[in-house]
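**Student:**
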């Protein structure tokens with residue numbers, strides 16, 4: 474058989490075919506051996522864990538008010554001179570003039586007690602019998618007998634005492650109920666010429682006049698308005714409080730009540746109990762708005778030493794913590810090196826958190842994993858024991874880099890995605906104690922002492938992890 478020798482053109486074609494196949498082989502090898510891996514990211518399907526309503530916490534705002542200016546106005550509004558008379562045809566007729574000294578107010582517990590020293594002059598006349606024979610109004614059948622006390626002689630002394638019960642109305646004004654408690658004459662007025670003791674009559678008449686002043690006293694005391702002090706406390710608590718690198722504390726006040734109203738001298742002291750649902754947000758809320766001051770309610774301080782605080786930790790902030798733990802760590806899998814570059818949380822699917830991890834080494838790219846956060850309340854540890862490759866990442870690895878589909882990777886991430894919160898909690902407690910003892914605005918000081926911080930629950934949501942923390946201590950405002 475005679476074989477045909479390949480022509481020159483056929484040789485060229487064969488060489489081109491071999492070169493093309495070699496190029497394709499080399500490209501495929503490069504693609505699957507040295508190229509990057511970037512599977513499709515998992516979908517974030519939000520089915521948030523129902524969040525149990527946060528227990529209403531409370532703080533106490535002690536307020537002290539000097540009532541001197543208000544009591545001075547009350548003093549100035551009350552007449553300093555009183556007059557009265559009673560005219561009879563027969564029997565005793567009288568007229569009196571009463572001058573009071575300045576009122577001395579003295580607060581005691583929930584009431585104001587005040588006494589007024591006064592002086593009086595009393596004129597009397599006596600007619601044993603009258604007749605209307607010559608005058609329908611009557612005439613005394615004998616000359617009247619005249620007498621007096623405190624006329625052309627030192628004024629006689631008298632002491633008057635009031636007691637005012639005080640409370641606060643829902644519109645932040647002081648309500649008072651004043652009662653005349655005593656009228657005591659130091660110098661009795663006894664008329665010997667017609668054997669008459671005018672003291673009882675005088676007390677009765679002056680008492681009538683002074684009882685009419687009770688409403689005037691209550692009206693003046695009712696002008697005391699505590700809204701300014703309450704609004705100052707409310708506004709201060711409503712504003713976000715910076716806690717440095719931990720973010721911003723939002724106390725979110727919702728209710729306000731008043732208790733322990735007491736008086737000492739001219740000072741009134743009371744506690745504003747403010748109900749709140751505090752949160753610590755790692756980011757500043759841009760469109761945050763203060764709530765208006767509500768009316769006083771019957772809310773009282775249930776336990777000023779326990780505050781439930783929700784920390785709203787963005788996934789970005791948590792990612793930075795995890796990434797610091799894992800960045801730069803290396804693994805050797807089947808003789809090939811894997812270097813972890815960055816790890817971050819990209820969202821959640823139902824109760825799972827989705828992680829993206831960037832790596833380099835023999836290959837480079839990203840991998841996606843998912844895991845359920847497990848919280849050990851007793852040990853205060855968060856972990857992800859079921860952390861596994863996402864379904865789409867598994868598929869991509871099985872097709873292109875099966876050697877990467879290794880438990881060594883998931884084991885390392887599980888190991889480094891364990892958060893022992895005890896150290897962080899102590900740091901948070903120290904930071905809180907430092908930050909809450911500060912002047913938040915001129916003349917307004919936030920003070921307190923956080924004794925205990927403990928994580929109670931965790932709630933994964935679309936963009937953040939809610940950490941519900943129980944804090945024991947005391948926080949209050951000093952105005």
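In the numbering used here, the protein residues as written are 474 to 952.
Where a beta carbon is used, it is the ideal one built from N, C-alpha and C, also for glycine.
Here the structure is a predicted model, which means the values were calculated and not measured.
Take every Cβ of the segment 718 to 731, pair it with every Cβ of the segment 680 to 689, and state whether three or more of those distances are shorter than 8 Å.
**Tutor:** Segments in contact, no.
**Student:** So the alpha helix (DSSP H) residue 546 belongs to, where does it begin and stop?
**Tutor:** 541 to 550
**Student:** Can you list, in chain order, the stretches of the beta strand (DSSP E) that have 3 or more residues and sit fully within the segment 898 to 951?
**Tutor:** 911 to 914, 917 to 933, 937 to 951
**Student:** Which first and last residues belong to the alpha helix (DSSP H) in which residue 676 is found?
**Tutor:** Here the alpha helix (DSSP H) through residue 676 covers 672 to 684.
**Student:** Going by DSSP, what residues sit across from residue 536 in a beta bridge?
**Tutor:** 743
**Student:** Hey, out of 939, 745, 821, 864, whose CA is closest to residue 848's CA?
**Tutor:** 939
**Student:** So is residue 949 buried or exposed if we call it buried at 16+ other beta carbons inside 10 Å?
**Tutor:** Result: buried.
**Student:** Check the C-beta distance from residue 753 over to residue 785 and give it rounded, since I have them as a contact under 8 Å.
**Tutor:** Confirmed, Cβ separation roughly 7 Å.
**Student:** So what does DSSP say about residue 982, is it helix, strand or coil?
**Tutor:** Nothing can be reported for residue 982: it is not among the residues displayed for the chain, which extend from 474 to 952.
**Student:** Sort out for me which residues DSSP pairs residue 581 with in a bridge.
**Tutor:** 584, 737
**Student:** Helix, strand or coil for residue 815? Go by DSSP, reduced to three states.
**Tutor:** strand
**Student:** What three-state label does DSSP hand residue 860 in the structure shown?
**Tutor:** coil
**Student:** Just the C-alpha distance for residue 809 and residue 930, rounded to the nearest angstrom, thanks.
**Tutor:** The alpha-carbon atoms of residue 809 and residue 930 are separated by roughly 41 Å.
**Student:** Would you be able to state if there are at least three C-beta pairs under 8 Å between the segment 594 to 610 and the segment 702 to 715?
**Tutor:** no
**Student:** Below 6 Å CB to CB, which residues in the same chain sit around residue 580 once its five sequence neighbours on both sides are set aside?
**Tutor:** Closer than 6 Å at the Cβ level, and outside the excluded window around residue 580, lie 736, 737, 738.
**Student:** Using three-state DSSP, classify residue 886 as helix, strand or coil.
**Tutor:** helix
**Student:** Run through DSSP, which three-state label would residue 611 get?
**Tutor:** Residue state, collapsed to three classes: coil.
**Student:** Look at the alpha carbon of residue 908 and the alpha carbon of residue 718, and state the distance between them as a whole number of angstroms.
**Tutor:** 11 Å
**Student:** Please classify residue 937 as buried or exposed, where buried requires at least 16 neighbouring CB atoms within 10 angstroms.
**Tutor:** buried
**Student:** Determine, using beta carbons only, whether residue 887 and residue 918 come nearer to each other than 7 Å.
**Tutor:** no
**Student:** What are the start and end residues of each continuous alpha helix (DSSP H) run of 4 or more residues lying completely inside the segment 681 to 710, in chain order?
**Tutor:** Runs of the alpha helix (DSSP H) inside the segment 681 to 710: 687 to 694.
**Student:** Which residue comes first and which comes last in the beta strand (DSSP E) that contains residue 566?
**Tutor:** 564 to 573
**Student:** I'd like the list of long-range same chain contacts for residue 944, defined as Cβ closer than 7 Å, with 5 residues on each side in sequence excluded.
**Tutor:** 780, 782, 923, 925, 926
**Student:** Whole angstroms is fine: what's the gap from residue 601's alpha carbon to residue 691's?
**Tutor:** Their Cα atoms are separated by approximately 44 Å.
**Student:** Counting only the same chain and skipping the five closest in sequence on each side, list residues whose C-beta sits under 7 Å from that of residue 544.
**Tutor:** 578, 739
**Student:** For residue 942, I'd like the list of residues in its chain whose CB is within less than 7 Å of its CB, leaving aside the five on either flank, ordered along the chain.
**Tutor:** 782, 784, 926, 927, 928, 929
**Student:** Between which two residues does the beta strand (DSSP E) containing residue 840 stretch?
**Tutor:** Counting along the chain, the beta strand (DSSP E) containing residue 840 begins and ends at 837 to 844.
**Student:** Out of 765, 817, 798, 854, point me to the one whose CA is closest to residue 789's CA.
**Tutor:** 817
**Student:** Could you pull the DSSP bridge partners for residue 719 from this structure?
**Tutor:** Paired residues: none, contrary to the question.
**Student:** Looking at the unbroken beta strand (DSSP E) that takes in residue 832, where does it start and where does it end?
**Tutor:** 825 to 834
**Student:** Quick check: the Cα distance between residue 576 and residue 541, rounded to an integer number of angstroms?
**Tutor:** The straight-line gap from Cα to Cα measures roughly 12 Å.
**Student:** Please report the straight-line C-alpha distance between residue 509 and residue 870, rounded to a whole angstrom.
**Tutor:** 11 Å
**Student:** Any chance you could list the alpha helix (DSSP H) runs of at least 4 consecutive residues sitting entirely within the segment 617 to 681, in chain order?
**Tutor:** Here no run is fully enclosed.
**Student:** Below 8 Å, how does it come out for the segment 630 to 637 and the segment 656 to 672: are there three or more Cβ pairs, yes or no?
**Tutor:** yes
**Student:** For residue 598, which residues from the same chain have a beta carbon less than 7 Å from its beta carbon, with the 5 sequence-adjacent residues on both sides left out?
**Tutor:** Excluding positions up to five away in sequence, the list reads 566, 617, 618, 619.
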